[in-house]
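Here the sequence shown is numbered in this note's numbering, starting from 14 and rising by one per residue.
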Amino acid sequence: MKLESPLQFLEDKTILVTGAAGFLAKIFVEKVLRVQPGVKKLFLLIRAEDDKYDVALNVNTLGARHVVEFAKKCTSLAVMVHVSTAYVSGEREGVIPERPYHMGETLNGVSGLDIDAERRVVEERLEELRAEGASDEAISVAMKELGIERFDDSNTEKLRVAAMEGGVEGDVFYFDPKCIDWGHYVTNIHIPGIVKYVFKRS
């Protein structure tokens with residue numbers, strides 16, 4: 014198989030970008046549009062600003078599995094790239110080691126989020142609402158409220174942080190992305206703590 018340059022590979026390709034409003038996806042989309050104007054189509058998926066808890070829980074905890082299952086069903090998929098932060102450090106001082114963490118182990122020593130227990134909470138609440146004859150709109154509102162109640166925040170990024178670390182408080186990034194020299198950043202900055210998975214069909 015002849016290896017192509019990334020520019021050649023992207024020419025006349027259709028690309029699906031999930032999480033397109035995310036930190037890394039914005040960089041990726043900008044770079045593709047800047048260096049390869051010959052890309053055929055870009056499909057950008059952006060989450061709702063106020064996700065329902067049941068939806069947010071499934072997307073943030075089972076999303077990678079669903080992406081792989083979807084990719085396996087694509088008949089003419091050339092490449093699938095999954096990029097995700099390896100872990101979230103929260104607010105910490107000093108050197109943050111990048112040692113491997115084992116299932117259930119967290120940075121702060123607090124037990125991690127029990128995904129199965131959270132899914133049971135969601136399913137039980139949905140069953141209650143349906144038994145009461147709640148409308149779709151009432152169910153949607155109730156699921157949003159359940160997420161806020163369980164995590165004291167409607168921001169699904171913090172839900173992901175809680176799922177990975179057992180409940181980190183505060184935002185990870187306190188800066189304005191417009192102040193970054195994106196050209197230099199994208200081409201010259203190594204980003205530690207990023208896990209990249211590339212799947213190619215033979």
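Every residue, glycine too, gets a C-beta built ideally from N, C-alpha and C.
First and last residue of the uninterrupted beta strand (DSSP E) at residue i
i: I40; result: No beta strand (DSSP E) contains I40, which is instead part of the alpha helix (DSSP H) from F36 to V48.
Residue from the options whose Cα sits closest to the Cα of residue i
i: G35; options: I59, L29, K54 and L159; result: I59
i: S153; options: T27, Q21, Y66 and V80; result: Y66
i: R132; options: E141, N71, F56 and F22; result: N71
i: L55; options: A33, H79 and I28; result: I28
i: V135; options: E145, I109, S148 and R163; result: R163
i: L75; options: I109, V92, D129 and A38; result: D129
i: L37; options: V96, K157 and A151; result: V96
i: L159; options: F83, C87, L139 and K26; result: L139
Integer Cβ distance of residue i from residue j, believed to fall under 8 Å
i: E17; j: Q49; result: Contact doesn't hold; Cβ gap of about 12 Å is too wide.
i: V45; j: V52; result: 6 Å
i: A155; j: A147; result: 7 Å
Continuous alpha helix (DSSP H) stretch holding residue i: start and end
i: I128; result: I128 to A144
i: P19; result: P19 to L23
Residue i, DSSP secondary structure in three states
i: L29; result: strand
i: L57; result: strand
i: V80; result: helix
i: K65; result: coil
i: E162; result: helix
i: E111; result: coil
i: K86; result: helix
i: E150; result: helix
i: V52; result: coil
Opposing strand residues paired with residue i [DSSP bridges]
i: V156; result: Checking the displayed sequence, the identity of residue 156 turns out to be Met instead of Val. According to DSSP, which records beta bridges pairwise, M156 is partnered with nothing at all.
Proximity test, Cβ basis, 8 Å: residue i and chain C
i: L58; result: No chain C appears in this structure, which consists of one protein chain only.
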